[in-house]
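> Residue numbers (my numbering): 2 to 231.
C-beta atoms are modelled at their ideal positions from N, C-alpha and C, and glycine is treated no differently.
This is the structure I want to talk about, given as structure tokens.
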């Protein structure tokens, strides 16, 4: 009787351990010190309407309505992911991404908020080195969403901002950009931007010489670029 019970317990324990043996360890990697050159062009779809101050005919600067615009943006990066995995070594990477977005902005006093949505496309190229080298070169279409908040320092041309931009990519991938930094209005339409950015990239299934693996990558560094506003 006891041997039968022991065999039954062994079978149950084996079944419980099967999922842990079947699911491979995700490929995780991080990269630091990355430079993200970036550019953005924004076209206002309506004039900025400010309410008049009663009695003196001047325009108030405290509140303005929602201003719709279209924004075209592009960014890129390259570097090397440090991979923490027992079967794979580090990976060199190149990334190029661009988007076309419908933006809505509202400003109250020195504070500005924005929300946007649109479409994007990117190309991510990975070259894994080591004993089992392989390459991954994928192009995706994406649904892009985003939120932004900013503090405009009056009479200085300075603007502190933070932005979160998730990308839902097809097929079976995702990206997310988070950045926080400083903009400076050199001229009326031209703004120079310097910021910190973290970029997260993942894929559900990546074909490798050892089978399919989940991919979880992240890179952080400095955004350098400019924005044109019309």
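Rank 145, 32, 154, 173 by C-alpha distance to the C-alpha of residue 164 and give the top, closest one.
Of 145, 32, 154, 173, the residue nearest in Cα terms is 145.
> Which same chain residues, not among the five before or five after residue 223, have their C-beta less than 6 Å away from its C-beta?
Hits under 6 Å: 36.
> Using the three-state DSSP reduction, which class does residue 85 fall into: helix, strand or coil?
If DSSP states are grouped into helix, strand and coil, residue 85 belongs with coil.
> Three-state secondary structure (DSSP) at residue 25?
It is coil, neither helix nor strand.
> How far does the beta strand (DSSP E) with residue 187 in it reach, from first residue to last?
First-last for residue 187: undefined, no H or E at that position.
> By Cβ distance, which residues of its chain are closer than 7 Å to residue 91, with the 5 residues on each side in sequence left out?
Once the five neighbours on either side are set aside, the close Cβ partners of residue 91 are 81, 82, 83, 84, 130.
> Who are the Cβ neighbours of residue 75 in its own chain at under 6 Å, not counting the five residues just before and after it?
Cβ neighbours of residue 75 beyond the five flanking positions: 40, 99.
> Could you round the C-beta distance between residue 117 and residue 104 to whole angstroms and report it? I think they count as a contact, below 8 Å.
Their Cβ separation, rounded to whole angstroms, is 4 Å, which keeps residue 117 and residue 104 in contact under 8 Å.
> To the nearest angstrom, how far is it from the Cα of residue 169 to the Cα of residue 175?
Each residue's alpha carbon lies about 5 Å from the other.
> Taking Cβ to Cβ, would you say residue 216 is nearer than 7 Å to residue 203?
A contact, by the Cβ cut-off of 7 Å.
> Closest to residue 231 by C-alpha separation, out of 73, 218, 155, would be which residue?
For residue 231, the nearest C-alpha among the options comes from 73.
> To the nearest whole angstrom, what separates the beta carbons of residue 123 and residue 97, a pair I think is in contact under 8 Å?
That belief holds up - the Cβ atoms of residue 123 and residue 97 are roughly 6 Å apart, short of 8 Å.
> Report back the beta-carbon spacing between residue 186 and residue 158 to the nearest angstrom; my notes put them in contact at under 8 Å.
Residue 186 to residue 158, Cβ: 4 Å. Contact.
> Assign residue 44 to one of two classes, buried (16 or more other C-beta atoms within 10 Å of its C-beta) or exposed (fewer than that).
Result: exposed.
> In terms of residue numbering, what span does the beta strand (DSSP E) encompassing residue 134 cover?
First-last for residue 134: undefined, no H or E at that position.
> Between the beta-carbon of residue 167 and the beta-carbon of residue 151, is there less than 7 Å?
No, the Cβ-Cβ distance between residue 167 and residue 151 is not below 7 Å.
> Based on the DSSP output, what are the partners of residue 211 in its beta bridges?
Answer by DSSP bridge pairing: none, since residue 211 is not bridged.
> Between which two residues does the beta strand (DSSP E) carrying residue 171 extend?
Per DSSP, residue 171 belongs to the beta strand (DSSP E) from 159 to 171.
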